[in-house]
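Start counting the sequence shown at 3; every next residue gets the next number (our numbering). What follows is a set of notes on a single structure, which appears directly below.
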Amino acid sequence: MTQLKTQGIYRFDCFGDEVIAAFSGREFPRAQWNEYLRELGLDASRLVTLRQIHSANLVLVQPKSIPGEETPADGLITRMPGAVLGIQTADCIPVFFWDPEHQAVGIVHAGWRGLYYGINQKAVQAFRQNFLSRPAHLQVAIGPSIRKCCYEVGAEFKDYFPRHFETVAGTHGETIHVDLAAALKSELISEGVDPAHIHDSGYCTSCRNDAFFSYRREKETPERILSVMALKS
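Put into structure tokens, the structure is as follows:
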């Protein structure tokens, strides 16, 4: 994990020099996203975003098939150099995918609903189907999100994650807290991703509200972290 000299820009260095995988801090609210992308050396006019709906829908970005910002989905994959795949979050998990063998990238918006619907498993499957990727060769990174320390849920949550609840949930006094990042890692490993290839930023958006936007902590802030994934041109 590298923080660039420009305050508020964080870049994963675990993917090497062929891709740019980054996320923004509070210094770059929505109105300054173009500046954020310029600092990363990316073309803002090639940013691809979605109407995120907490689903397991993914879209393949191709030269003749680029989704618009109203496309209802929560994940993007591509082999197209220069395309800037973007996901917006403020507690949910931005998940970055890189296949160095087949030069393919992807990014996913994973909240608890997306995890419930299996969006990360479907992302791995989409890499396999579209790019012939081998899951064990994928590199995955987890961006800033609300963590177990701050993610309090109701008892009914057990119904959503029956397979993992005992390992990803814990009690803090009389409340239940869930570790969505742990659930995510478990699902990736179940699809064949090598645990050594899963890189976690470790940032909690609620604990580090000084650095990142948090929907829960800030009582429904309209601002978002912009996470981007791009193959260099």
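Ideal Cβ placement from N, Cα and C applies to all residues, glycine included.
query	result
So Val-170 packs on Ile-22, CB below 8 Å; how close in whole Å?	The pair is not a contact, with the Cβ atoms about 31 Å apart (cut-off 8 Å).
Between the Cα of Met-82 and those of Val-61, Asn-211, Arg-40 and Glu-220, spot the shortest distance and give me the residue it belongs to.	Val-61
Could I get the ranges of all uninterrupted alpha helix (DSSP H) runs contained in the region 73 to 145, with 4 residues as the minimum, in chain order?	114 to 119 and 121 to 133
Just grab the DSSP bridge partners of Phe-25 for me.	Tyr-12 and Ser-229
For the candidate residues Ser-26, Pro-102 and Leu-87, whose alpha-carbon lies nearest to that of Phe-215?	Ser-26
How is Leu-186 classed by DSSP in three states: helix, strand or coil?	helix
Tell me the rounded alpha-carbon separation between Gly-156 and Ala-128.	33 Å
Give me the Cβ distance between Leu-52 and Ala-232, rounded to the nearest whole Å; I'm assuming they're in contact under 8 Å.	The pair is not a contact, with the Cβ atoms about 16 Å apart (cut-off 8 Å).
Here's a check: name, in chain order, each residue in its chain whose Cβ is nearer than 6 Å to the Cβ of Lys-187, leaving out the five neighbours to either side.	Ile-200
For the alpha helix (DSSP H) that contains Leu-39, what are its first and last residues?	35 to 41
Looking only at its chain, what residues have a beta carbon closer than 8 Å to the beta carbon of Ile-68, apart from the 5 residues adjacent to it on each side?	Val-50 and Ala-85
Give me, in chain order, the residues of the same chain whose beta-carbon lies closer than 7 Å to that of Arg-226; leave out the 5 immediate sequence neighbours on both sides.	Arg-32, Gln-90, Thr-91, Ala-92 and Phe-215
What is the rounded straight-line gap between the Cα of Thr-207 and the Cα of Pro-96?	12 Å
Suppose contacts are defined by Cβ-Cβ distances below 8 Å. Is Phe-14 in contact with Phe-98 by that definition?	yes
Run through the DSSP bridge pairs and tell me what Glu-154 is partnered with.	His-179
Checking the sheet assignment: what are the DSSP bridge partners for Gln-64?	Ser-67
Around the Cβ of Ser-136, are there at least 16 other Cβ atoms within 10 angstroms (buried) or fewer (exposed)?	Note that residue 136 is Arg in the sequence shown here, rather than Ser. Burial call: exposed.
In the DSSP assignment, the beta strand (DSSP E) including His-201 goes from what residue to what residue?	200 to 202
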